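The listed protein sequences correspond, in order, to chains S and Y.
When we follow the numbering used here, the leftmost residue of the first sequence carries the number 13, and every step to the right adds one.
When we follow the numbering used here, the leftmost residue of the second sequence carries the number 23, and every step to the right adds one.
Here a beta-carbon is modelled for each residue, glycine too, at the ideal position from N, C-alpha and C.
As the structure is a computational prediction, the values presented were derived from the model and not from experiment.
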Amino acid sequence: MPDQTIPPDRLMRFSVLDRLLHLVLIFGFTGLAASGFSLGFSATAPARAFIWLVGGTAHAAWLHRFCAIITYSSVVIHGLWFLYFRFVLRGRLTGPRSIAPSKKDLKDFKQNMAYFIGWRPSPPDFDKFTYMEKIDYWAIFIGMNTMGITGLILWFPEWFTRFLPGVWVNIAQVLHYWEAILAVVVKLFIHVGMAHLRPTVYPADTSIFSGRTTRERMMAEHPAEWRSIAAGRDKGIETE
Amino acid sequence: MMVCAAVFFGLLSSGLTDQTHADVSPAVPVQSSWFVDMQRFQKGAHANFKCEECHGSMIEDGHTHPDPNRPDFLKTSATRQFDYRRCQKCHKLSYQRYLKGKHAKALKEETESAGKAKAPVKETQPAKEKYPAPTCGECHSAHYDPAGMSRVAVGARMTSRCGRCHKEYSESYLDNIHGKLGVNLADKASAFCTDCHGAHSVVALEKQQDTLIVCQRCHPKAASEFTQFVIHASVSDSAAKESPKNNSIVWIRRVQTVAIAVVALSLIFFFGHTILWLLREKHEKLRKH
């Protein structure tokens, strides 16, 4: 096997940009959740404690907007990266190595379900990004846009009601509130559970911070990507 | 003076006997009573007043006072008996505004209908709960309300006090960003009940041009459509039907129902998927041992 030539701990899964944006998201998202939930659940003691900690509702409001801007800027930067990758580097935005959803994800999902309940002996032939990782990514990418649009309506209601019906501000509030709950629960429990608390990676999967993964883990979790690297078609650093 | 006040009786001069509502008003402050707690009175805004300054002298209306032989002795509601016209001696502006507002109008109608022989009360809105029309004393406690409260403390207090009669509106206000910021998070820049509806003038804000003036006090760049934002969006269906914004409320609820359904289904899927995955991995690990 040609894998002798590849040092086991030097397999790159995430580029510097990916890792950086992930860090920005952690801080931005946490700040958004803490300040936003302090308003959403304002009758509770932790909410009042947080508002006291940051020095009043005006500070919390600006913290929320600051975190919104840096969080959304990571969406913009990744969008710009896609454009650069596609049009300047002439890369492919689709295909087995990409984060783009594909028909294979549906097949993988069915096979994974069968594996979970014991109808299949082994997990599906996952490539660089499994369907769970794609859901994690696109939930953020799409969610940040919908939260951004509804958030802007709530930030500038006077301007938006110059051309939108006033009730849209109420509807923006409803959507912003429920999507925040969905996002926080999914990120706090599902994402952390899937990515860090599974028995095989517990207590933490450091690859999103170091960018590196081991040969064993790649063979087990991303067999299709591993075959491609081992066959020399791929250096293991191509991110999209 | 203090002896007189220890067992304190209000003026029994008013001819108004409160037949229809007795003293079960949810509006009457819980501390309202014929007896005055002097310790609390001395912490109130009127602590330096002598009783006679508001209540007149004990023999003013020709009765001995207190008069245990009167049939309604201690049986009527204190806030329905006091002649609140006396308040305007000091609170002139507030009283004049009150006279122009809906509360005074309701009191006038109530007094007129009580004055008529026991004709059946015309029920225009039979389903609605009917509370006695508010006098000054239904909202303010002349004996105990303190002076010099902060804007936020007054706001929180009025939210519960208005809510004694306008329960749905104080609750739906607390569901709105103004209530959350102002009452729950002590933000003095938020709007409290009276900032929009007026303290004594009591405006229902049913007309868009009235509402716009109110909104522009804090949102100077607001245009007319801004007033169509619904503050009291979470009132009951029956109260919503009376609102000119009923159509909006219906749509807000539809969107909310869909949003909750999407959130619930998503969470069921994600939690189910994750739990199955964790169990499978645990099983693989245990099997290897």
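Judged by DSSP in its simplified three-state form, Y:M171 adopts coil rather than helix or strand.
Setting aside the 5 residues that flank it on each side, S:A72 is surrounded in the same chain by S47, S50, L51, F62, I63 and V66, each with a C-beta closer than 8 angstroms to its C-beta; the list follows chain order. Within 9 angstroms of the CB of Y:K229, no CB atom of chain S is found; the nearest one sits about 15 angstroms away.
Going by beta carbons, Y:F248 and Y:C237 fall inside the 8 angstroms limit. Excluding sequence positions up to five before and after S:R25, its CB lies within less than 6 angstroms of the CB of S219 and T225, all in the same chain and listed in chain order. By the beta-carbon neighbour count (other beta carbons within 10 angstroms, threshold 16), Y:Y191 is buried. A Cβ of chain Y is located within less than 8 angstroms of the beta carbon of S:T212.
In this structure, the beta-carbon distance from Y:V224 to S:N182 does not fall below 8 angstroms.
Put simply, the CB of Y:D217 is far from chain S, with every gap to its CB atoms at 8 angstroms or more. For S:E237, the number of other beta carbons within 10 angstroms of its own is at least 16, and it is reported as buried. Taking the Cα positions, Y:K114 is about 12 angstroms away from Y:Y106. With a minimum length of 4 residues, there is no unbroken run of alpha helix (DSSP H) contained wholly in the stretch 86-122 of chain S. For Y:L203, same chain residues with a beta-carbon under 7 angstroms away, outside a window of 5 residues either side, are D209 and S212 in chain order. Under DSSP, S:M24 takes part in a beta bridge, and its partners are S:R224. Under the three-state reduction of DSSP output, Y:V285 falls in the helix class. If the five residues before and after S:L44 are omitted, its C-beta is found closer than 7 angstroms to the C-beta atoms of H76, C79, A80 and T83, all from its own chain and listed in chain order. Listed by position along chain Y, the residues whose Cβ is nearer than 8 angstroms to that of S:W190 are Q278, A281, I282, V284 and V285. Between the beta-carbon of S:G155 and that of S:E191 there is about 6 angstroms, and that keeps the pair under the 8 angstroms contact cut. The C-alpha of S:F153 is placed about 24 angstroms away from the C-alpha of Y:T279. A residue is called buried when at least 16 other Cβ atoms come within 10 angstroms of its Cβ; S:P215 does not meet this threshold and is exposed.
If you compare the alpha carbons of S:F99, S:D139 and S:G130 with that of S:G107, the shortest gap goes to S:D139. CA-CA distance, S:F168 to Y:C187, rounds to 34 angstroms. Leaving aside the five residues that flank Y:S182 on each side, none in its chain has a CB nearer than 6 angstroms to its CB. Contact of Y:T181 with chain S is not assigned, every C-beta pair being separated by 8 angstroms or more. According to the DSSP assignment, Y:R119 belongs to the alpha helix (DSSP H) that extends over K114 to K122. The Cβ-Cβ distance between Y:A255 and S:E170 does not fall below 8 angstroms. In the DSSP annotation of this structure, the continuous segment of the alpha helix (DSSP H) that includes S:N157 starts and ends at Y143 to W167.
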